[in-house]
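First comes the structure, then the notes that go with it.
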Amino acid sequence: MADARHDSGDVGGTERGDATTEYRRGTAKGAASVPGGLSSPYTPGVPRRPPAHPTLPYAPVPRRGVAPFVGELLPPAMPGRPRLRRVPIDQVPADRVPIDRPPVARPPVDRVPASHTAVGRAQVGRTIAGQATAPLPSNHRRRERGRHWAAVSGLLIGALTIGVGGATLISQGPGAIGVCPPPILRIVAAPEIASPIRDAAKSIGGHCAPAAVAAQEPAETVRDLEAHPPDVWVPSSTAWLRLADAQGYRAAGTSLARSPLVVATPRPVARSLGWPGRQPTWTELADRTYTGEIQRFSVPDPQRVTAGLLAVLGVDAAVGRGGDGPGAARMRALTFRSRLADADADPARLLRQVTAVPDPARDVGLFPVTEQALWSSLTETGARSLVAVYPPDGLVEADYPLVASDGVQHDAARRPVVARLGAWFRSGAGVRKLTEHGFRPPAGVADAAVPVRDGLLPRYGLASPIPPDARAVTEAVTAWARYQRMRFQALLLVDQSASMGDPVRDGAGDPTTKAALLRECAGEAVRLLGEDTSLAMWLFPPARASGTPFVEAVPFGPLDGAVGGVPRRTALSRALADYQPTSRTGAPLHEAVLRATDEMRQRYRSDEVTLVVVVTDGPDGGSSSRASFLSKLAGDVDPSRPVPVFAVGYGPGADMATLREAARLTGGQAFAAANPRDLDSAVLAVFLAAHQGRSG
Numbered sequence: 001m002a003d004a005r006h007d008s009g010d011v012g013g014t015e016r017g018d019a020t021t022e023y024r025r026g027t028a029k030g031a032a033s034v035p036g037g038l039s040s041p042y043t044p045g046v047p048r049r050p051p052a053h054p055t056l057p058y059a060p061v062p063r064r065g066v067a068p069f070v071g072e073l074l075p076p077a078m079p080g081r082p083r084l085r086r087v088p089i090d091q092v093p094a095d096r097v098p099i100d101r102p103p104v105a106r107p108p109v110d111r112v113p114a115s116h117t118a119v120g121r122a123q124v125g126r127t128i129a130g131q132a133t134a135p136l137p138s139n140h141r142r143r144e145r146g147r148h149w150a151a152v153s154g155l156l157i158g159a160l161t162i163g164v165g166g167a168t169l170i171s172q173g174p175g176a177i178g179v180c181p182p183p184i185l186r187i188v189a190a191p192e193i194a195s196p197i198r199d200a201a202k203s204i205g206g207h208c209a210p211a212a213v214a215a216q217e218p219a220e221t222v223r224d225l226e227a228h229p230p231d232v233w234v235p236s237s238t239a240w241l242r243l244a245d246a247q248g249y250r251a252a253g254t255s256l257a258r259s260p261l262v263v264a265t266p267r268p269v270a271r272s273l274g275w276p277g278r279q280p281t282w283t284e285l286a287d288r289t290y291t292g293e294i295q296r297f298s299v300p301d302p303q304r305v306t307a308g309l310l311a312v313l314g315v316d317a318a319v320g321r322g323g324d325g326p327g328a329a330r331m332r333a334l335t336f337r338s339r340l341a342d343a344d345a346d347p348a349r350l351l352r353q354v355t356a357v358p359d360p361a362r363d364v365g366l367f368p369v370t371e372q373a374l375w376s377s378l379t380e381t382g383a384r385s386l387v388a389v390y391p392p393d394g395l396v397e398a399d400y401p402l403v404a405s406d407g408v409q410h411d412a413a414r415r416p417v418v419a420r421l422g423a424w425f426r427s428g429a430g431v432r433k434l435t436e437h438g439f440r441p442p443a444g445v446a447d448a449a450v451p452v453r454d455g456l457l458p459r460y461g462l463a464s465p466i467p468p469d470a471r472a473v474t475e476a477v478t479a480w481a482r483y484q485r486m487r488f489q490a491l492l493l494v495d496q497s498a499s500m501g502d503p504v505r506d507g508a509g510d511p512t513t514k515a516a517l518l519r520e521c522a523g524e525a526v527r528l529l530g531e532d533t534s535l536a537m538w539l540f541p542p543a544r545a546s547g548t549p550f551v552e553a554v555p556f557g558p559l560d561g562a563v564g565g566v567p568r569r570t571a572l573s574r575a576l577a578d579y580q581p582t583s584r585t586g587a588p589l590h591e592a593v594l595r596a597t598d599e600m601r602q603r604y605r606s607d608e609v610t611l612v613v614v615v616t617d618g619p620d621g622g623s624s625s626r627a628s629f630l631s632k633l634a635g636d637v638d639p640s641r642p643v644p645v646f647a648v649g650y651g652p653g654a655d656m657a658t659l660r661e662a663a664r665l666t667g668g669q670a671f672a673a674a675n676p677r678d679l680d681s682a683v684l685a686v687f688l689a690a691h692q693g694r695s696g
């Protein structure tokens, strides 16, 4: 084949061309015309190039990754055996310019006749190559030689086109052209499950997948739902649907996969907690974090990260098992929140970091993550430093619901595609693909394949359902996310008049007293206070008449300081546990509030939140008139040293009108617990309001 070769060394490389470009004769000075559409400089004594067919186009030959070039006929190396040389397109003389007509293009797929078929390059290439090397008769005439050159050039260019482009469309049929129609579904999926969904779409659609799959974090999709609602959405958890419900996007989805939320735990810490034979609960993990036995516990932001969202719901489910009111349960959850080392953790970063630190328990600690994410990390790194803890009292799962928009649900063409996607994940192929990516199959699938990795458990207990109420999910997430660790100076002002001993019923309907409910609620509230809090507690009225309207039960000072040889937190807890109403009726509410605000104003610090919290179940007992009290309170306000009053009206007899006005004048808030069983919710509301007051 040396007599029909190409000098490939003259070819550069940029991009591919698919169309044929014709060239016309140039008229450059000193150029002699060559039949067939090219002009070439003529030098006397040098044989003229063989003529080409008059209608033959000289074209850049398309080749992936190679610059287009022009085929130039050169004098034959041997009689009757011409050769073709490649010339880079930027070296083509200016007299060889394209004619003014668009390049030849392939017809669109919907206009190709059904009778056409594709021919492979191997078959055509062999035929062309054989014809190109056939010898010419020695006695051929000039026009015969011209026709033969035209055939050889055209066949060579066609062979190159076939060799580069694959199958040449000699007969063009729809089945032969690998062009698919546009997908009919736009799916937005959590990034970790996007790949299995693409595999599912290809599987049910054959060569042409009926769906285009985009990966996006669920929090971003929730924000974009109103402006850019997808045809189909696969968030990582039904919990994201609840948050979307709160924004008016109502949907329910079929689960495609499962991955339980686990607590990634350094192996030595897990063993100290009884793992793997025993799984520690959320309550135990929270208590050990509170006491410092667990050195470091981090949780991602529940408004942005699925692991954080599921962790909040898991903790809420755990603390709500005690049968107490929602306020008490939420306070216990926020107590755990207050002890976190990092409330905006990045699980992916922590998974990477754990292999690079000398002491994972101290430097990374514990953090929630989906089992699939932990499996992926362990598979990638081969590390054994982390294991999965499955807290049984609040075990929740990422369930990857398949959610179709209203338009798709009412579309006869697209609705079946969604159903087939869902069914594929329950098939044998779907279950195998899920396992390959570290997922568990949807609930109810007979093939209970599980991801296998050292540190993971093959089985775990019953998962807690995601709360069906969108409002409950939103409130839990919002309270957790808005909590801020702040430095406080607080004076607790607690009514101990005789009416606090009145009988009431608790949340379970059992008989108790207002004082007993207060003791229980206050005990939970004390746990919420950070170590950087300073406080005092006054009780009013005193058991015996005296010159002051209150008695100091706990003197002012930092919680981590000492009172009578014990930590102030312990002294406060004991004082609340011993709280009993006196026999005196009528509490000097007005005078006690004025004394408390004056005391804290003198202790004001610009780097701390200074406030007064008052709990009372009735009106003032005659210490001053309402008008005089409010006038004095307003006159004492100092904008440079604000001391807001936060009040809880306990029971139906509380003077809520006066409490609300006192709170308004000082920049605080007042909350009613008309039913004594609601005291914990009111105290929680005060706690949250105080934490959010400075941040606005």
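The sequence shown begins at 1 in the UniProt record's numbering and counts up by one.
Cβ coordinates follow ideal geometry from the N, Cα and C atoms, glycine included.
None of the values given here were measured: they were computed from a predicted structure.
Checklist entry - Under 8 Å between the Cβ atoms of A673 and V645? => result No. Outside cutoff.
Item to check | Buried versus exposed, by CB contacts within 10 Å (16 or more), P300 | outcome: With 16 or more other Cβ atoms within 10 Å, it is buried.
Item to check | Spatial neighbours of D199 in its chain, beta-carbon cut-off 8 Å, leaving aside the 5 residues before and after | outcome: The answer, listed in chain order, is K433.
Checklist entry - Using CA coordinates, which residue listed in P276, F556, L492, R568 is at the minimum distance from V612? => result Nearest neighbour of V612 by Cα position, chosen from P276, F556, L492, R568, turns out to be L492.
Next on the checklist: Does A412 pass the burial test, meaning 16 or more other C-beta atoms within 10 Å, or should it be called exposed?
Outcome noted: It counts as exposed.
Checklist entry - Closest to A662 by CA distance: which of Q279, C180, H590 is it? => result Among Q279, C180, H590, the Cα nearest to that of A662 is on H590.
Checklist entry - Considering only the beta carbon of each residue, do F687 and L528 sit closer than 8 Å? => result Yes, Cβ-Cβ distance for F687 and L528 is below 8 Å.
Next on the checklist: On a Cα-Cα basis, can you pick out the residue from R267, T616, S338 that is closest to T291?
Outcome noted: With distances taken between Cα atoms, T291 lies closest to S338.
Checklist entry - CA-CA distance, P676 and R332? => result Between the alpha carbons of P676 and R332 lies a gap of roughly 19 Å.
Item to check | Close-in-space but distant-in-sequence residues of the same chain around Y650 (CB under 7 Å, 5 per side omitted) | outcome: If we look at Y650 and ignore the five residues flanking it on each side, its Cβ neighbours are K514, V615, T616, D617, A673, P676, L679.
Item to check | Cβ contact check for the segment 348–367 and the segment 200–213: 3 or more pairs under 8 Å | outcome: The segment 348–367, when compared against the segment 200–213, does not touch it at the 8 Å Cβ threshold.
Next on the checklist: Can you give me the C-alpha to C-alpha distance between G564 and M537, rounded to a whole angstrom?
Outcome noted: If you draw a straight line from the Cα of G564 to the Cα of M537, it is about 15 Å long.
Checklist entry - Taking the alpha helix (DSSP H) that Y290 falls in, what are its first and last residues? => result First-last of the alpha helix (DSSP H) with Y290: 282–291.
Checklist entry - Who pairs with P181 in a beta bridge, going by DSSP? => result DSSP lists no beta-bridge partner residue for P181.
Checklist entry - For A307, which option in A329, A264, T335 has the closest C-alpha, if you only look at C-alpha atoms? => result If we check each option's Cα against that of A307, A264 comes out closest.
Item to check | L456 to A448 span [Cα, whole Å] | outcome: As the crow flies, the alpha-carbon of L456 is around 15 Å from that of A448.
Next on the checklist: Using 8 Å as the threshold, is the C-beta distance between P391 and P280 below it?
Outcome noted: Against a cut-off of 8 Å, the Cβ pair of P280 and P391 comes out as a contact.
Item to check | Spatially closest choice to R641 from Q489, G382, A682, by CA coordinates | outcome: Of the listed residues, the one whose Cα sits closest to R641 is Q489.
Checklist entry - DSSP three-state call for Q489: helix, strand or coil? => result Shown here, Q489 sits in a strand according to DSSP, grouped into three states.
Item to check | DSSP three-state assignment for G382, whether helix, strand or coil | outcome: Collapsing the DSSP output to three states places G382 in coil.
Checklist entry - Would S464 pass as a contact of L395 if the rule is Cβ separation under 8 Å? => result Contact: yes.
Checklist entry - In its own chain, which residues sit with a C-beta less than 6 Å from the C-beta of D231, not counting the 5 before and 5 after it? => result Around D231: L185, R186, S405, V408.
Checklist entry - S681 to S195, Cα distance in whole Å? => result Distance from the CA of S681 to the CA of S195, rounded to the nearest whole angstrom, comes to 45 Å.
Item to check | Cβ separation of P541 and S497, assumed to be a contact under 8 Å, to the nearest whole Å | outcome: Confirmed, Cβ separation roughly 6 Å.
Checklist entry - Between Q580, A545, H228, D532, which lies nearest to G557 when the distance is taken from Cα to Cα? => result Out of Q580, A545, H228, D532, the CA that lies nearest to the CA of G557 is found in D532.
Item to check | Range covered by the beta strand (DSSP E) that runs through T512 | outcome: Segment 511–513, the beta strand (DSSP E) holding T512.
Next on the checklist: Mapping the DSSP letters down to three states, classify E552 as helix, strand or coil.
Outcome noted: In this structure, E552 counts as strand in the three-state DSSP scheme.
Item to check | Neighbourhood of Q353 by C-beta, 6 Å cutoff - its chain only, sequence neighbours within 5 removed | outcome: Take Q353, set aside five residues on each side of it, and the residues of its chain with a beta-carbon closer than 6 Å to its own are V364, in chain order.
Checklist entry - What three-state label does DSSP hand W375 in the structure shown? => result In the structure shown, W375 sits in a helix (DSSP, three-state: H, G or I).
Checklist entry - Excluding sequence positions up to five away, which residues of its chain have a Cβ less than 6 Å from the Cβ of L273? => result The answer, listed in chain order, is P280.
Checklist entry - What first and last residue would you give for the beta strand (DSSP E) that runs through G565? => result Looking at the DSSP string, G565 is not in any beta strand (DSSP E), and its letter there is neither H nor E.
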